[in-house]
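Numbering-wise, the sequence shown is residues 8 to 204 according to our numbering.
Just so it is clear, CB atoms sit at the ideal spot from N, CA and C, and this is done for glycine as well.
Everything below concerns the one structure shown next.
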Amino acid sequence: MRSPYFILSAPVLALLLVGCQSTKPIAMSVNATPTVSGIKNGDMLAPQRASGQDIPQLRGQEMVTIRTYENIKKPDVQFATLTEIEGVTCEIESDGYKATVKTPAEVRVPNYGYASRLISAHCNAPGYKPGFQSVKTYNKTGEQRMNSASGGGLAGVVLVAMIHAATDEKKHEFAYPPLKVTMTKPIATSAKQVARK
């Protein structure tokens with residue numbers, strides 16, 4: 008069972024990654040495409056369920072955002088900052104489905120709660136090395152409980168953690184954090200450096 012401290016990590020890290028910078032408007036929204044034939048009503052993991060895997064019935068659909076960033080160091084600033092870049096082609100993959108987008112984008116994916124699969128993004132753009140990022144779902148029910156308990160101090164957090172641990176996680180609501188892919192440029196070798204070798 009996941010600890011309540013892990014519950015907070017995914018969305019908190021997602022927020023820390025970008026900081027306070029503003030985001031670009033979503034450029035496109037697509038539906039994930041099944042990787043096998045015969046899928047009905049968007050139930051991408053129906054074959055896995057039929058084979059005996061622990062997968063509940065499809066709970067609905069969820070929109071997952073994907074954005075691409077570059078670490079940019081400005082001359083007058085000590086540290087590099089993540090700056091969003093647009094128009095990067097990304098292949099989204101998961102168990103049972105895939106999609107292709109240009110960032111920033113949204114992908115509609117199936118929601119299987121606790122059994123929702125890892126989502127990976129492989130991104131490519133001229134002048135950048137290939138970028139990769141993956142995300143898994145976090146326990147949204149547990150996060151909401153912990154957030155509501157945080158105002159009650161340590162005792163409130165401990166109490167909610169105990170309640171959370173005693174409940175059936177399979178009945179909880181899960182969600183995906185945004186996919187945030189950092190693109191990096193290759194290190195350029197200057198003509199002078201080549202000449203010295």
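The count of Cβ pairs closer than 8 Å, one atom from the stretch 107-114 and one from the stretch 85-98, reaches three, so the stretches are in contact. Assignment of A106 by DSSP, reduced to helix, strand and coil, places it in the strand class. Going by C-alpha positions, K136 is about 37 Å away from G149. Annotated as distal: G49 and Q64, with beta-carbon spacing of 8 Å or more. Across the structure, A182 and I92 are spaced so that their CA atoms are roughly 25 Å apart. Just so you know, the alpha carbons of K143 and K80 end up roughly 30 Å apart. Just so you know, the alpha carbons of A128 and S44 end up roughly 22 Å apart. In this chain, the beta strand (DSSP E) harbouring Q140 covers G138 to V142.
The shortest CA-to-CA distance from Q60 to any of T30, R124 and E176 is the one to R124. Going by beta carbons, Y145 and P184 fall inside the 8 Å limit.
Membership of A128 in the beta strand (DSSP E) is indicated by the continuous run I126 to N131. Rounded to whole angstroms, the gap between the alpha carbons of P54 and T88 is 44 Å. DSSP places Q60 in the coil class of the three-state scheme, outside both helix and strand. Per DSSP, E77 is one residue of the beta strand (DSSP E) stretching across G67 to I79. Distances from the CA of E100 to each of T191, Y119, P41 and T189 were compared; the closest alpha carbon is that of P41.
Each of I126, P193 and A112 was checked against the Cα of T75, and the nearest Cα belongs to A112.
Judged by DSSP secondary structure, T88 falls within the beta strand (DSSP E) whose first and last residues are T88 to I92.
The Cβ-Cβ distance between V116 and V71 falls below 8 Å.
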